[in-house]
Amino acid sequence: MAETAKWYVVHTYSGYENAVASAILKNVDNRNLHDLISEVTIPLETVTEVTENGPKTYERKVFPGYVLVKMVLTDESWHVIRNIRGVTGFVGSGNKAIPLTDEEIAALGVEKHEVNVSYAVGDNVKIIDGALASFLGVVEEIDMDKNKVRVVVSMFGRETPVELELDQVEPVKL
3 MAETAKWYVV HTYSGYENAV ASAILKNVDN RNLHDLISEV TIPLETVTEV TENGPKTYER
63 KVFPGYVLVK MVLTDESWHV IRNIRGVTGF VGSGNKAIPL TDEEIAALGV EKHEVNVSYA
123 VGDNVKIIDG ALASFLGVVE EIDMDKNKVR VVVSMFGRET PVELELDQVE PVKL
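In our numbering, the protein residues as written are 3 to 176.
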């Protein structure tokens with residue numbers, strides 16, 4: 003896969019997201035465009051609704067009417083996606099598709115970045131990034147799914163829990 007592949011947002015008719023995503027994948031297979039279009043996804047969230055019959059869990063589209071596509075933008079890839087039934091265009095200005103930024107991709111949770119954690123609950127750590135950089139604390143909780151760690155830091159003589167990203171702390175040898 004080329005290094006220049008970026009995530010683009012494709013606008014579709016509402017309710018056509020699944021059909022558009024499968025049509026893109028089918029076109030990629032038929033035309034052998036795996037080097038141009040690598041991933042197609044529809045951002046979903048799990049929702050639990052409490053009803054009279056008890057809790058009911060289902061998946062809901064985060065952005066109805068939109069499909070995310072990781073691709074190298076060329077005339078060919080643009081035309082392949084633009085000419086799929088149900089696609090109204092790319093998100094951008096005019097006919098120019100604008101890729102998502104790394105921050106937007108991280109916020110959407112589209113791409114998971116693997117963080118190797120070399121500390122455990124109860125370990126002493128040093129905060130290496132953010133407003134509390136260089137503070138020392140003790141790991142209270144690690145949540146790998148949400149990429150979060152809770153560290154108890156002593157500030158002004160009080161124990162204060164702080165929630166940070168997994169890569170904002172490093173183990174300290176005492």
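Where is the CB? At the ideal position from N, CA and C, for every residue including glycine.
Remark: C-beta atoms of Leu134 and Val151 do not approach each other more closely than 8 Å. Closest by C-alpha distance to Val164, out of Lys175, Lys128, Phe92, is Lys128. Taking a C-beta distance under 8 Å as the contact criterion, Val12 and Tyr68 qualify as a contact pair.
A check of alpha carbon separations from Ile86 across Gly159, Met146, Ala108, Leu27 identifies Leu27 as the nearest.
Under the three-state reduction of DSSP, Glu47 is assigned to strand. Counting C-beta pairs closer than 8 Å gives fewer than three between the segment 50 to 57 and the segment 16 to 31, which falls short of the contact rule. In summary, Ser79 is buried, with 16 or more beta-carbon neighbours lying within 10 Å of its beta-carbon over all protein chains present. Cα atoms of Ser136 and Pro173: separation of roughly 12 Å, rounded to the nearest angstrom. Counting the other CB atoms within 10 Å of its CB gives Lys72 a total of 16 or more, which places it among the buried residues. Of the candidates Asn34, Arg33, Val154, Pro101, Pro101 places its Cα closest to the Cα of Trp9.
Spatial neighbours of Gly91 in its own chain (CB-CB distance under 6 Å, excluding positions within 5 residues in sequence) are listed in chain order as His13.
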